[in-house]
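Student:
Number of protein chains: 2
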Amino acid sequence: MQAYEKLKANFQRAGLLNEVDAVLHWDQAVMMPEGSAPMRAEQAAELSLVTHEILSDPALPDLFEAAAEELIRDANPWDLANLALMRREHAHAAAVPPDLVVAEQKAAAACEMRWRQARAEKNFQSLAPDLEKLLDLVREIGAAKSAALDLAPYDALMDQFEPGGRIEKIEPVFDELAAFLPDFLGDVLDVQASQEKPLQPSGPFPVEAQRRLGERMMGEFGFDFDRGRLDESHHPFCGGPMGDVRITTRYDEADFSSALLATIHETGHALYEINRPSDRSYQPVGLAGGMALHESQSLALEMQTARGLPFLTHAAPIIREAFGAAPGPEWEPENLSRLFSRVVPGFIRVEADEVTYPAHVILRTRLERAMIAGDLVVVDLPGAWNDGMQDLLGLTPPDDALGCLQDIHWPSGAFGYFPTYTMGAIAAAQFVAAARQSVPDLDGHIAAGDFAKLTNWMTVHVHSQGRLADTDEILTRAVGRPLDVGAYIVHLKTRYLN
Amino acid sequence: MQAYEKLKANFQRAGLLNEVDAVLHWDQAVMMPEGSAPMRAEQAAELSLVTHEILSDPALPDLFEAAAEELIRDANPWDLANLALMRREHAHAAAVPPDLVVAEQKAAAACEMRWRQARAEKNFQSLAPDLEKLLDLVREIGAAKSAALDLAPYDALMDQFEPGGRIEKIEPVFDELAAFLPDFLGDVLDVQASQEKPLQPSGPFPVEAQRRLGERMMGEFGFDFDRGRLDESHHPFCGGPMGDVRITTRYDEADFSSALLATIHETGHALYEINRPSDRSYQPVGLAGGMALHESQSLALEMQTARGLPFLTHAAPIIREAFGAAPGPEWEPENLSRLFSRVVPGFIRVEADEVTYPAHVILRTRLERAMIAGDLVVVDLPGAWNDGMQDLLGLTPPDDALGCLQDIHWPSGAFGYFPTYTMGAIAAAQFVAAARQSVPDLDGHIAAGDFAKLTNWMTVHVHSQGRLADTDEILTRAVGRPLDVGAYIVHLKTRYLN
Numbered sequence: 127m128q129a130y131e132k133l134k135a136n137f138q139r140a141g142l143l144n145e146v147d148a149v150l151h152w153d154q155a156v157m158m159p160e161g162s163a164p165m166r167a168e169q170a171a172e173l174s175l176v177t178h179e180i181l182s183d184p185a186l187p188d189l190f191e192a193a194a195e196e197l198i199r200d201a202n203p204w205d206l207a208n209l210a211l212m213r214r215e216h217a218h219a220a221a222v223p224p225d226l227v228v229a230e231q232k233a234a235a236a237c238e239m240r241w242r243q244a245r246a247e248k249n250f251q252s253l254a255p256d257l258e259k260l261l262d263l264v265r266e267i268g269a270a271k272s273a274a275l276d277l278a279p280y281d282a283l284m285d286q287f288e289p290g291g292r293i294e295k296i297e298p299v300f301d302e303l304a305a306f307l308p309d310f311l312g313d314v315l316d317v318q319a320s321q322e323k324p325l326q327p328s329g330p331f332p333v334e335a336q337r338r339l340g341e342r343m344m345g346e347f348g349f350d351f352d353r354g355r356l357d358e359s360h361h362p363f364c365g366g367p368m369g370d371v372r373i374t375t376r377y378d379e380a381d382f383s384s385a386l387l388a389t390i391h392e393t394g395h396a397l398y399e400i401n402r403p404s405d406r407s408y409q410p411v412g413l414a415g416g417m418a419l420h421e422s423q424s425l426a427l428e429m430q431t432a433r434g435l436p437f438l439t440h441a442a443p444i445i446r447e448a449f450g451a452a453p454g455p456e457w458e459p460e461n462l463s464r465l466f467s468r469v470v471p472g473f474i475r476v477e478a479d480e481v482t483y484p485a486h487v488i489l490r491t492r493l494e495r496a497m498i499a500g501d502l503v504v505v506d507l508p509g510a511w512n513d514g515m516q517d518l519l520g521l522t523p524p525d526d527a528l529g530c531l532q533d534i535h536w537p538s539g540a541f542g543y544f545p546t547y548t549m550g551a552i553a554a555a556q557f558v559a560a561a562r563q564s565v566p567d568l569d570g571h572i573a574a575g576d577f578a579k580l581t582n583w584m585t586v587h588v589h590s591q592g593r594l595a596d597t598d599e600i601l602t603r604a605v606g607r608p609l610d611v612g613a614y615i616v617h618l619k620t621r622y623l624n
Numbered sequence: 127m128q129a130y131e132k133l134k135a136n137f138q139r140a141g142l143l144n145e146v147d148a149v150l151h152w153d154q155a156v157m158m159p160e161g162s163a164p165m166r167a168e169q170a171a172e173l174s175l176v177t178h179e180i181l182s183d184p185a186l187p188d189l190f191e192a193a194a195e196e197l198i199r200d201a202n203p204w205d206l207a208n209l210a211l212m213r214r215e216h217a218h219a220a221a222v223p224p225d226l227v228v229a230e231q232k233a234a235a236a237c238e239m240r241w242r243q244a245r246a247e248k249n250f251q252s253l254a255p256d257l258e259k260l261l262d263l264v265r266e267i268g269a270a271k272s273a274a275l276d277l278a279p280y281d282a283l284m285d286q287f288e289p290g291g292r293i294e295k296i297e298p299v300f301d302e303l304a305a306f307l308p309d310f311l312g313d314v315l316d317v318q319a320s321q322e323k324p325l326q327p328s329g330p331f332p333v334e335a336q337r338r339l340g341e342r343m344m345g346e347f348g349f350d351f352d353r354g355r356l357d358e359s360h361h362p363f364c365g366g367p368m369g370d371v372r373i374t375t376r377y378d379e380a381d382f383s384s385a386l387l388a389t390i391h392e393t394g395h396a397l398y399e400i401n402r403p404s405d406r407s408y409q410p411v412g413l414a415g416g417m418a419l420h421e422s423q424s425l426a427l428e429m430q431t432a433r434g435l436p437f438l439t440h441a442a443p444i445i446r447e448a449f450g451a452a453p454g455p456e457w458e459p460e461n462l463s464r465l466f467s468r469v470v471p472g473f474i475r476v477e478a479d480e481v482t483y484p485a486h487v488i489l490r491t492r493l494e495r496a497m498i499a500g501d502l503v504v505v506d507l508p509g510a511w512n513d514g515m516q517d518l519l520g521l522t523p524p525d526d527a528l529g530c531l532q533d534i535h536w537p538s539g540a541f542g543y544f545p546t547y548t549m550g551a552i553a554a555a556q557f558v559a560a561a562r563q564s565v566p567d568l569d570g571h572i573a574a575g576d577f578a579k580l581t582n583w584m585t586v587h588v589h590s591q592g593r594l595a596d597t598d599e600i601l602t603r604a605v606g607r608p609l610d611v612g613a614y615i616v617h618l619k620t621r622y623l624n
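Chains as they are written, first to last, in the working numbering: chain A, 127 to 624; chain B, 127 to 624.
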């Protein structure tokens, strides 16, 4: 096992440095003063370069061959999967020359800074030159990875976030959803219009009380504060290095639900990171799966669980007491459940409900595919965006801040990421439906405040699997079929039309 | 300049990674949950290893030779100093095999964790085995560096923190101080006993008000919050990466002075980091000087300035108003000045006054020299410590938490660091005396709240010099002589016997 052990040592080094990078990223989003951004970009680029050197080492292919021989004798599936993932990581790294790695990183850092200003000023054209430059570099990377991995450029880029993700498999699933949703949305809006509006508890809701409530809920879902933190950032995320999982949220004193639901969402991501196979630490196979699986875990808690009646039967009095409010109809579980699942077509993806969210993703997927293919140039993006929003949701953004400037993904160089949000929503419905079939009275346990039945099921079927298999295979083993929109449609009909 | 440019590129890589390491260290002290310590130690060790590989690269010596040839033609002192520092950094790194680097790092991380527990339990013997193991590794490193650098082992270790620091130069200075202090301490205590005790403003002093006060003072001294932060940690420190200087303090609601003075102390360190030559970013010559110079900058603000009457003439009403207190004799500048310069022999170094502090350092310097020389074994440390405290300050610690367990330095592997505290106190007196000679009515400016005259003098004579010269040479250029106890003794007499 000499070659394989050597490989493991190399990939452990890269894995450790990736965790260092995770500290930098968390710090940048949560702690770093803005003026430090240019120097931090240099520091982070250097770290990426070191990792890239380890992963692109030309000595690796010979070790892969020797390791494959070694593993024939003792074909442990974890080691075989690990070797395959090592080859994949090497292929991704070796495809891109170091200069291009650094150039893309620096262009992304600069573009992201420009984007913050452009969004604040609602001025897309001030971003366009930086975004064009970045897109050129991303397309160059896509072309290089396309050749090395024998994938279409867009698939090669998506594969960075979603190993094994291929647009030809995803598109039919999205098409099915896209065919279902417009009529369904109409039905949901009709149902809502026929009912009384849910009541909005009135604030203010002090940040400190919101934070304590969020921490309590994290604890109830199994988050360990001796190995992780809750903080604030402009956009909620889950990050931090291995063994130190850190989530963030943001507080609105007028509406406690945004921070609470974001905290629960990120707790779903966190449980995945906490429960991935620790005996494969720092090896590729020990990582969480692709972003679709990751999002399935956050949405299983936020959308599938925390916005539903069973969870709120448990949580409503806790929430009310957290703010020292007197009992009242606005605090009834059913009212909160209707409030948290209110469908309102809007401009902003991160504020979208379950029913309209896929339209936001489908729009972005179309546009980024066109940009990578060279069929859409950056200066035409606002027009194409607004046409798409009109087409999909019947809305036209009044400005680009509510339109194509709203997301950080493209200005940070992430093309091929957006589809994973809706893949995750679909997979979440599949997982939760399977858990409900497998665990007797799952909703009863949730209503009683016992979430371990659900989270343990997820740990067994998802978290503990690391990257032993790709998204479709993990799904197939857990629920009997690959990504499939059926369970999601059942979930939507049950929640929104009953 | 091909070889020199290559060298600069290599050292820039190491410099960038050192800044990444600074983020990890800050995070570990300020943000990291305790349970994450073991994994963080692995991650940090890997980063050290990468930096060590860059600095110990066997290709460097040939480049040094070629660069020396190149620089003959255009002998810029910055580049010549930079090349000499590169050689020094390479010699330090190449002396120690990578396995030993990692072994020492991990032993230090484990020892530091054990120390936290041992100190809490006041149980030195539970630390002893880990500290012995760490000391063995540090001695091994000292021996290796001794051979490579042609220095005594203790000097070779000290050279890591204080480039050019040699115990044979420091000892006579310390001896002179040690000869002066005991009688002087007696005189000071007599004077204090003959006066009324200064009045203690009564709290509580809410943390939030203390934080705002600290931030205001930092701003008055020139700290830029767009490129730095103030946070809390168990021990105050100044850290963070280049361009993002972060200081910490700790708050006591019963006594505002500890946080305020610690904040001003760390601001002194921060100004050094902020004002070091940015056009030499990430090159060895662009770094701040050794720890003695660094400490001189913190003590110039804290001890020389903030505890003195001119500063407090300006600050006393600001402090009082920060806590919404009514005027009264306890808030008079003279009272606060006497309160902040009260001399009380005690067990704890970090709480010690200017007059007794050197005894703490002299004790530690003696003991760590004996440990490195093999003349003192770890299990005998508590006895030797207590004997020394009795000898130097006439006190015997009631337990090891108030004795040899109080400092983190040895359990974190830092031997040869302690002398720099008192070197810094001495140098601070030299710098401030020279600034007072050079700037007309310096104390008047300070009393008027204008600190720029003082800090600009420090920037010109210290901060902007980077590592162009060592401590003694920087001192000589700025004040006309190397490290010399005269100005310190004048300062002590002026402040404590007048």
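Here a beta-carbon is modelled for each residue, glycine too, at the ideal position from N, C-alpha and C.
Smallest Cα separation from Ile390(B): which of Ser422(B), Asp370(B) and Lys295(B)?
Tutor: The option with the nearest alpha carbon to Ile390(B) is Ser422(B).
Student: May I have a chain-ordered list of the alpha helix (DSSP H) segments no shorter than 4 residues that lie completely inside the region 410-493 of chain A?
Tutor: 417-425, 435-448 and 459-466
Student: Can you say whether Glu180(B) is buried or exposed, counting buried as having 16 or more other CB atoms within 10 angstroms of its CB?
Tutor: Note that residue 180(B) corresponds to Ile in the displayed sequence, not to Glu. Buried is the call here.
Student: So which residues on chain B does Arg139(A) lean against when the C-beta distance must stay under 9 Å?
Tutor: The answer, in chain order, is Glu172, Leu175 and Val176.
Student: Asp153(A) versus chain B: which residues are under 7 Å apart at the beta carbon?
Tutor: Val149 and Asp153
Student: Quick one: which unbroken alpha helix (DSSP H) runs of 4-plus residues sit fully inside the region 492-530 of chain B? Chain order, please.
Tutor: 507-519
Student: Just the Cα atoms here: how many angstroms apart are Arg492(B) and Gly416(B)?
Tutor: 21 Å
Student: Rounded to the nearest angstrom, how far is the Cβ of Pro508(A) from that of Asp526(A), given a contact under 8 Å?
Tutor: 5 Å
Student: Check Leu175(B) in the structure and name its three-state DSSP category.
Tutor: helix
Student: Using the three-state DSSP reduction, which class does Thr611(A) fall into: helix, strand or coil?
Tutor: The question names Thr, but residue 611(A) in the sequence shown is Val. Shown here, Val611(A) sits in coil according to DSSP, grouped into three states, outside any helix or strand.
Student: Once DSSP output is grouped into helix, strand and coil, what is the label at Arg342(B)?
Tutor: helix
Student: For Ala408(B), which residues of its own chain have a beta-carbon under 6 Å away from its beta-carbon, when the five flanking residues on both sides are left out?
Tutor: Just to set this straight, residue 408(B) is Tyr in the shown sequence, not Ala. So the qualifying residues of the chain are Gln138, Gly141 and Leu142.
Student: To which residues of the same chain is His486(B) closer than 6 Å at the C-beta, ignoring the five residues directly before and after it?
Tutor: Arg475 and Ala478
Student: When Cβ atoms are compared, which residues of the region 439-462 of chain B fall closer than 8 Å to chain A?
Tutor: none
Student: For a cutoff of 8 Å on Cβ pairs, would you count Met158(A) as touching chain B?
Tutor: yes
Student: Look at the alpha carbon of Leu531(A) and the alpha carbon of Glu247(A), and state the distance between them as a whole number of angstroms.
Tutor: 10 Å
Student: Express the C-alpha separation of Leu186(A) and Glu447(A) in angstroms, rounding to a whole number.
Tutor: 58 Å
Student: Of all the options Gly329(B), Leu419(B), Arg355(B) and Gly542(B), which has the alpha carbon lying nearest to the alpha carbon of Glu341(B)?
Tutor: The shortest C-alpha separation from Glu341(B) is found at Arg355(B).
Student: Identify the contact partners of Phe351(B) in chain A, using a Cβ-Cβ distance below 8 Å as the criterion.
Tutor: Pro159
Student: Using the C-alpha atoms, what's the distance from Ala418(A) back to Tyr547(A)?
Tutor: 6 Å
Student: For a contact meaning CB atoms closer than 7 Å, what does Leu142(B) contact in chain A?
Tutor: Glu168, Gln169 and Glu172
Student: Near Ser590(A), what residues of its chain come up, given a Cβ to Cβ distance below 8 Å and the 5 sequence neighbours on each side ignored?
Tutor: Once the five neighbours on either side are set aside, the close Cβ partners of Ser590(A) are Asn401, Arg402 and Pro403.
Student: Using a 10 Å radius around the Cβ and a threshold of 16 neighbouring Cβ atoms, would you call Arg338(B) buried or exposed?
Tutor: Exposed is the call here.
Student: Mind pulling the chain A residues with CB within less than 8 Å of Pro367(B)?
Tutor: Ser162, Met165, Arg166 and Gln169
Student: Would you give the residue range spanned by the alpha helix (DSSP H) that Leu283(A) belongs to?
Tutor: Pro279 to Phe287
Student: Give the DSSP bridge partners of Arg355(B), in chain order.
Tutor: Arg372(B)
Student: Quick check on the DSSP output: the alpha helix (DSSP H) that includes Gly394(A) runs from which residue to which?
Tutor: Phe382 to Asn401
Student: Listed in chain order, which residues of the region 328-345 of chain B have Cβ atoms closer than 8 Å to some Cβ of chain A?
Tutor: Of all residues in the region 328-345 of chain B, none has a C-beta nearer than 8 Å to a C-beta of chain A.
Student: Which two residues bound the contiguous alpha helix (DSSP H) that contains Phe306(A)?
Tutor: Ile293 to Ser320
Student: What residue ranges within the region 184-270 of chain B form continuous beta strand (DSSP E) runs of no fewer than 3 residues, ordered along the chain?
Tutor: Complete beta strand (DSSP E) runs here, min 3: none at all.
Student: From this set, Ala604(A), Arg607(A) and Tyr543(A), which residue's C-alpha is nearest Tyr280(A)'s C-alpha?
Tutor: Tyr543(A)
Student: How long is the line joining the alpha carbons of Leu519(A) and Tyr483(A), rounded to whole angstroms?
Tutor: Going from the Cα of Leu519(A) to the Cα of Tyr483(A) covers about 10 Å.
Student: Just to confirm, are Ile572(B) and Val588(B) a CB contact at a threshold of 8 Å?
Tutor: No Cβ-Cβ contact shorter than 8 Å links Ile572(B) with Val588(B).
Student: Given a limit of 8 Å on CB to CB distance, which residues of the region 501-525 of chain B reach chain A?
Tutor: none
Student: Which residues of chain B have a Cβ atom closer than 9 Å to the Cβ of Gly354(A), listed in chain order?
Tutor: Pro159, Gly161 and Ser162
Student: Using alpha carbons as the reference points, say which of Arg607(A), Thr374(A) and Glu131(A) lies closest to Ala385(A).
Tutor: Among Arg607(A), Thr374(A) and Glu131(A), the Cα nearest to that of Ala385(A) belongs to Thr374(A).
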